[in-house]
Amino acid sequence: MKVSSFLLIASIVCFWNHAAKAQNSDIAYLSVLSPNRLIKVYHKDSSYFRAASSWGALIQGPNLVASATIPQTDAFLCNSDNSDFNGKIVLINRGTCEFSTKALHAQNLGAIAVIIVNFENALLTMGAGAVGNQVHIPVLFVTKDVGTPLIEAVKNQESVVLSIGNSPEGFSFLNGRLIHDENANCKSDIIESGLSYWSINIEDKTGYQYRIKSNEKGYYFSFLNPENSPYKLNLISPNNSWFDCEGEKIISTGKGDTSTVDFLAKGIKDCVELHTEISSSRLIRCFPTSFTVQVCNLGTLPAENAFVDVKLAKFFDPIENTNINFSLLNPDLYRFNLNTIKSNQCIEIKFIAKVSCDSAQLGQTLCYSAHAYPDTSCKELSALWSGANLIIKDTCTYRDVVFDIHNNGTGDMTKRSTYLVFKDDQLYRSAQFQLAKGKTETIIVPADGSTWHVQANQEAYNPKNSIVYKTNEACSGNGTFNSGFALNFPIGEDGFASDEDCREVRGAYDPNEKEAIPRGNGPDHLINLNTEIEYTIHFQNTGNDTAYNIIVEDELPAALDVKSIHSLNSSHPFQLEIFPKAKLVFKFNKIALVDSFANEPKSHGFVSFKIKQNPNNAIGTQIENKADIFFDFNPPISTNYTFHEVGITRELVSTELLDLPDVIELFPNPGSPESEFQLQSNEYDKAKWKLIDLNGTTLASGRVLVDRISFPVSINLNGVYILELELRTHKSLIKKLIIN
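Each residue of the sequence shown is one higher than the one before, starting from 328 at the first, in our numbering.
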């Protein structure tokens, strides 16, 4: 699959609701093309600029691209001076005289466009005044934070080049609306609502594919590279309860063109499906933490009498400053009644909870979860799924830590599965189990202050998840415990209606920081091939004044699949733009984040997202990532790097596990339905063995015969595997095998 040059802007939480009304003649974009330090694209509805509505000129055809200049003698240009504006875009300060007077003077001196710069960060509608009907060039009005840096650059004799038009220079504009066909006639009716946060798959002529999302009202927009036209557009529904009325659409586009493409989808199955995400800012002892819970109904029917239960660790003080009322079910469990959540509607719950000064310890990991009800799904269950569903619960008795793997599903497990037990970040035990409906497998480990982690594989075709996890930290009879290991592992979650998140209690911290969960095991931060990563970017205004606009840029490494971004959550509303080379740009427009001296708790913000690995990643792939944070027009602040290595966490063994000496050879046995491993020694005769893949699935098992391990040739081995031997002493030996 080839990667082509493109520019994609997907509005996730957007202030722009009229994308479908754009026309070729609109002035939709102001692009700064130089100097490099000021390069940026502004959209007309992002509260940065506004065109004259009843006078001046709109732009027909391609964008206007020209050098910018300023008046020589009168910055307000209320009187004509001797400036030469021929073929240029003129930057003029607001004040002293009418807008149209300034524009007419610039036009008479040869200007092809005028930009009037406000003396504050606000927009207004420019009146035509006495001579507005004589102005025949485009006139724009911009906020102070946009225009002042441009004027200063011109004064410093820098080359300032601007583009004004309906798309960023060199690209075409794609927009449209995803419509909920509520009367199911596959026709667009004016009263029908939009489909919020649905995806459009875009494929160019080279075969490169990417996805964008609609905003809360169903509008979407993107920029296309005309050199890679034509494009195929397909609507991606969140589940199989929806029908795309029109199917794939193909468009051809040229530079500066605008294509408006709407999609209609109707419900074909009556169902409710709530998806839940919970996230937070940092956890700091004695300081309040900001929480955001988002609940979205992806079903075709309204979710009536909906509510969400939020459970916090006992080390939080009671919650406060909520935007939705709650009832207290027990000291750590809160219920938020959401009434009715319409189809395709999302509701956000925001609240604050302080980390306890008395009970929480530095380095301790605190978890919190949210579960939305009704807990139903629109997904069609696979006929191949047995109905078995595993959950893991943990209990601390201060003598033991007890993990119960329970089958709460509707059917029995049809095959044996594998569970893994980690002590801190070392593999402690693994075993197979098989549970009938309603039965439990109990694992007991000592309460010695270690961080214990248990994970188990679900039955194939489980609709929620493939692996379940549970971590227990700080269970100790004497109050001491090991910290710093809990976040090395994935965090358990139910799959759609519920979500769980965890953070470490911090002391000193970097105000602008990037976190990754799971962090990975060992010094190399090892994660498995199929493990997705949740990134959270924290930022804080530590300056001496309010930050009005904040931009977070994150260029993803090739090892991450940019198409798989999901579960976005944040402290404040934002827009997400995705640029070439998988560069994410989160724009917090008009965030007005106060400085830490004025109000420390309100000076913080964050944005989080989950992303999958590239399916082509190999063992040893390095995944490094950082972010750059821009506060208004200040230079960027870079966060720390997070890093992972794709590897085998099972290889991290404790002292209870011994290293298996090298396997000499793998070879087929001619004329036999079996292949064999040959060991270096016959001392393992009669030992139990099993061959396990990276997902923890046991592919084959048996007993060693002298120095040979035989397995069916039908098992096509190619990749990385674990060979585990269990001796009569109950010691285990493991070996990583790379087989080509």
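For glycine and all other residues, C-beta sits at the position ideal for the given N, C-alpha and C.
Three-state secondary structure (DSSP) of T863
Three-state result, T863: strand.
Which residues in the same chain as S894 place their Cβ atom closer than 7 Å to its Cβ, once the five residues preceding and following it in sequence are excluded?
Taking C-beta separations shorter than 7 Å and ignoring five residues to either side along the sequence, the partners of S894 in its chain run E604, F936, K937, following chain order.
Test item: CB-CB of I386 and G521 under 8 Å:
Not closer than 8 Å, so no.
Between the region 619-635 and the region 660-676, do at least 3 Cβ pairs fall closer than 8 Å?
The region 660-676 and the region 619-635 touch, with three or more beta-carbon pairs separated by less than 8 Å.
Output needed for S515: all residues of its chain with C-beta closer than 7 Å, excluding positions within five of it in sequence on either side, in chain order.
Shown here for S515: same chain residues with a beta carbon closer than 7 Å to its own, the five before and five after excluded, namely I506, D589, L591 in chain order.
Cβ neighbour criterion (16 or more within 10 Å) applied to Q782
Buried is the call here.
Tell me the start and end of each unbroken beta strand (DSSP E) in the region 639-667 that is at least 3 residues and wholly inside, in chain order.
Here the runs fully enclosed are 653-657.
Nearest to V973 by CA position, among T470, A886, L1052, is which residue?
The alpha carbon of V973 has as its nearest neighbour, out of T470, A886, L1052, the alpha carbon of A886.
Determine the direct distance from the alpha carbon of P398 to that of N409, and round the result to whole angstroms.
If you take the alpha carbons of N409 and P398, they lie about 9 Å apart.
Pick from D828, T969, I1036: whose alpha carbon is nearest that of L853?
Ranking the options by Cα distance to L853, first place goes to T969.
In three-state terms, what does DSSP make of D721?
Secondary structure of D721 (DSSP, three-state): strand.
Contacts around N1009, its chain only, beta-carbon distance under 6 Å, and the 5 residues preceding and following it disregarded
Excluding residues within five positions, the ones whose Cβ falls inside 6 Å are V1033, D1034.
Grouping DSSP H, G and I as helix and E and B as strand, with all else coil, what is L431?
In this structure, L431 counts as helix in the three-state DSSP scheme.
Please report how far the alpha carbon of L1064 lies from the alpha carbon of Y1048, in whole angstroms.
The alpha-carbon of L1064 is positioned some 5 Å away from that of Y1048.
Name the two residues that bound the continuous beta strand (DSSP E) containing K482.
Boundaries for K482: no beta strand (DSSP E) harbours it, while the alpha helix (DSSP H) harbouring it runs 471-482, taken from the DSSP string.
Beta-carbon contacts of L450 that lie in its chain and below 7 Å, excluding the five residues immediately before and after
Only S374, R377, F468, T470 meet the Cβ criterion.
Identify whether F426 lies in helix, strand or coil by the three-state DSSP scheme.
Three-state DSSP puts F426 in a helix.
According to DSSP, which residues form a beta bridge with F760?
Under DSSP, F760 forms a beta bridge with S744.
Starting from the C-beta of T400, find all residues in its chain whose C-beta is less than 7 Å away, skip the five residues before and the five after it, and write them out in chain order.
Here the set comprises D408.
Restricting to Cα atoms, I'd like to know which of T396, T948, I419 is closest to D411.
Of T396, T948, I419, the residue nearest in Cα terms is T396.
Is S654 buried or exposed, if buried means 16 or more other CB atoms sit within 10 Å of its CB?
It counts as exposed.
Can you give me the start and stop residues for the beta strand (DSSP E) that A511 sits inside?
No beta strand (DSSP E) contains A511, which DSSP labels as neither H nor E.
Simplified DSSP assignment, three categories, for A592
Looking at A592 - three-state DSSP - the assignment turns out to be strand.
Can you look up V973 in the DSSP assignment and give me helix, strand or coil?
DSSP places V973 in strand when its eight states are reduced to three.
DSSP has W1016 in a bridge; who is on the other side?
Looking at the DSSP assignment, W1016 forms a beta bridge with G1029, L1052.
According to DSSP, simplified to helix, strand and coil, what is E904?
In the structure shown, E904 sits in a strand (DSSP, three-state: E or B).
Residue nearest to S490 in terms of C-alpha spacing, selected from K415, L754, G503
It is K415.
In three-state terms, what does DSSP make of L551?
If DSSP states are grouped into helix, strand and coil, L551 belongs with the strands.
Grab the span of the beta strand (DSSP E) containing V487 for me, first residue to last.
For V487, no beta strand (DSSP E) run applies, since DSSP gives it neither H nor E.
Distance, G594 Cα to N868 Cα
When the Cα atoms are used, N868 and G594 turn out to be separated by approximately 45 Å.
Whole-angstrom distance between L747 and D731, CA atom to CA atom
CA-to-CA, the gap between D731 and L747 works out to about 13 Å.
So, P845 versus F816, is the Cβ gap smaller than 8 Å?
Inclusion of P845 and F816 in the CB contact set at 8 Å is warranted, their separation being smaller than that value.
State yes or no: is the C-beta of T858 within less than 8 Å of the C-beta of F812?
For T858 and F812, no; Cβs fall outside 8 Å.
Please report the distance separating the alpha-carbon of Q461 from that of I964.
Near 47 Å, if we compare the C-alpha coordinates of I964 and Q461.
Using the three-state DSSP reduction, which class does P790 fall into: helix, strand or coil?
Coil, per DSSP.
One question on the structure: do L1018 and L1006 come within less than 8 Å of each other, judged by their Cβ atoms?
Against a cut-off of 8 Å, the Cβ pair of L1006 and L1018 comes out as no contact.
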